[in-house]
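Notes follow the structure.
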Amino acid sequence: MKKPPKDRSDSTTPLEKERRACTQAEQAEQRYRDIVEGLDSTMVWEMGAESFQFTFVSRRAELLLGYPLQEWYTDPKFWQDKLHPEDCQRVLGLFENALEEGTDQRCDHRMIAADGRTVWFHTGIRPIREIGGTAMFRGLSVDMTAQREAAEAIKRSQERYHALVNSIEGIVWEAEAETFRFRFVSKQAERLLGYPVDLWLDDPNFWKDHIFPDDLENAISQWEKGVSEKTGVDLEYRMIAADGRTTWIRNLASLLEEGDQPVCLRGLMVDISERVRVERC
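Count the sequence shown with the numbering used here and you get residues 12 to 292, in order.
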């Protein structure tokens, strides 16, 4: 009986297999490093959990903060010293919690760059234990400075806007075009008529319920006409204040549309009681 032919499909020697495996491992490691180093505005790092001394930092760290990479590795207090003083204890406490609980943690914090700039980061950390029990932190820190500055600029702009609106001698408002329900009312509303702003916003019938009865029909008619004809409104009527006073109001508003459909009115109510009194004298 003939012996079956030997399988010659893989004639690779053990040494060649080992070399191939090493080459593949090196290629995989290089791909990983290329990915890590190519992350824009992001630094990848590893440090000892007890010492906080860095064992790996991606090259992007030098571009983001300006310190030579060698300084990250050789200065045992680099992390603590470069954290913003107001954030240091909070961030270090978060790291301690991560180690004790064995859980990932995230936080926003500031670091001081080599040129003195304050740089905002969003940092995620993961505690690990290597073979032998050595505790380490591995993390990713993303530069969030531009987003933070943009958010602060928006916040300042909004604060200036609200300060301006609330300083105007009149009630700045926005209301749904069809229902008359207020979406926004400036703080001057309470000074002018005595009702808290929340009442203006929460009560869908606030405007209609506080117009002087003899003026209600005409006010609603003019409002609806301004919406249907897309001209906005310019009304004069009386409102009943919280203390029972009758206050003459001039109400001017423009119409906001979306897709040729009326959405809301934005306007200004002004107290014209003194003008009316003079005209009638």
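Positions of the beta carbon are idealized from the N, C-alpha and C atoms, including for glycine.
For Q116, report the span of its beta strand (DSSP E) as first-last. Residues 116-123.
Count the other CB atoms within 10 Å of the CB of Q158; is the residue buried (16 or more) or exposed (fewer)? Result: exposed.
Identity of the residue in D119, E228, R101, F65 nearest F87 by Cα: It should be noted that the sequence gives Pro, not Phe, for residue 87. Checking every option, the nearest Cα to that of P87 belongs to F65.
Determine the closest residue to A186 out of T258, I139, V68, S197, with distance taken between C-alpha atoms. With distances taken between CA atoms, A186 lies nearest to S197 out of T258, I139, V68, S197.
Verify whether the separation of the beta carbon atoms of A146 and R140 is less than 7 Å. Against a cut-off of 7 Å, the Cβ pair of R140 and A146 comes out as a contact.
Could you tell me the boundaries of the beta strand (DSSP E) in which Y78 lies? No beta strand (DSSP E) contains Y78, which DSSP labels as neither H nor E.
On a CA-only basis, which of G237, M250, R167 is nearest Y206? Give me that one, please. Taking only the C-alpha atoms, the option nearest Y206 is M250.
Exposure label - C292; buried when at least 16 CB within 10 Å: C292 comes out exposed.
Along the chain, where does the beta strand (DSSP E) containing P207 start, and where does it finish? Here P207 belongs to no beta strand (DSSP E), and DSSP marks it neither H nor E.
Between the region 106-115 and the region 124-131, are three or more C-beta pairs nearer than 8 Å? Between the region 106-115 and the region 124-131 there are fewer than three C-beta pairs closer than 8 Å, too few to call the two in contact.
Where do the ends of the alpha helix (DSSP H) carrying E160 lie? Where E160 is concerned, the enclosing alpha helix (DSSP H) stretches over 156-178.
Buried versus exposed, by CB contacts within 10 Å (16 or more), T258: T258 sits buried, since 16 or more C-beta atoms from the chains shown fall within 10 Å of its C-beta.
Environment of K93 [buried if 16+ CB atoms lie within 10 Å]: So K93 ends up on the buried side.
In chain order, what are the residue ranges of uninterrupted alpha helix (DSSP H) at least 4 long that sit wholly in the region 222-254? Entirely contained in the region 222-254, the alpha helix (DSSP H) runs reaching 4 residues are, in chain order, 224-239.
With burial defined as no fewer than 16 other Cβ atoms inside 10 Å of the residue's Cβ, what is the status of H173: buried or exposed? The residue is exposed, with fewer than 16 neighbouring Cβ atoms inside 10 Å.
Does the beta-carbon of N229 have 16 or more other beta-carbons within 10 angstroms, so that it is buried, or is it exposed? Exposed, by the Cβ-count rule.
Which residue from W234, A252, A253 puts its Cα closest to that of V244? Residue W234 is the option with its Cα nearest to V244.
Within a Cβ cutoff of 7 Å, which residues of the same chain sit near Y78, ignoring the five residues on either side of it in sequence? In its chain, beyond the 5 residues on either side, A125 have a beta carbon closer than 7 Å to the beta carbon of Y78.
Spatially closest choice to G181 from F191, F193, E201, by CA coordinates: Of the listed residues, the one whose Cα sits closest to G181 is E201.
For my contact list, F191 and W218 are in at a C-beta cut-off of 8 Å; report their separation, rounded to the angstrom. In this structure, F191 and W218 form a Cβ contact; the two beta carbons are roughly 5 Å apart against a cut-off of 8 Å.
Enclosing alpha helix (DSSP H) for G59 [first to last residue]: No alpha helix (DSSP H) contains G59, which is instead part of the beta strand (DSSP E) from 53-59.
Proximity below 7 Å, CB of R149 to CB of E57: Pairing R149 with E57 gives a Cβ-Cβ distance under 7 Å.
Just curious, the alpha helix (DSSP H) that L105 is in, first and last residue? Where L105 is concerned, the enclosing alpha helix (DSSP H) starts and stops at 99-112.
Our contact map puts S52 next to D154 with C-beta atoms below 8 Å; I'd like the distance itself, whole angstroms only. Going by Cβ atoms, the distance from S52 to D154 rounds to 4 Å, so yes, they are a contact pair.
In chain order, what residues of the same chain lie with their CB nearer than 7 Å to the CB of V183, ignoring the 5 residues before and after it? Result list for V183: V176, S197, L279, in chain order.
Please classify S152 as buried or exposed, where buried requires at least 16 other C-beta atoms within 10 Å of its C-beta. Buried is the call here.
Give the DSSP-derived three-state secondary structure of Y43 in the structure shown. Confidence at Y43 is low in this model, with a pLDDT of 48, below 50, so its placement is unreliable and the value that follows should be read with caution. The answer is helix: DSSP assigns Y43 an H, G or I state.
Going by C-alpha to C-alpha distance, which of A161, L204, D225, L75 sits closest to A253? When only C-alpha atoms are compared, the closest one is L204.
Give me, in chain order, the residues of the same chain whose beta-carbon lies closer than 7 Å to that of F63; leave out the 5 immediate sequence neighbours on both sides. W90, Q91, listed in sequence order.
Figure out for me which residue from E160, E189, V238, M54 has the closest Cα to the Cα of N216. Closest option to N216, Cα to Cα, is E189.
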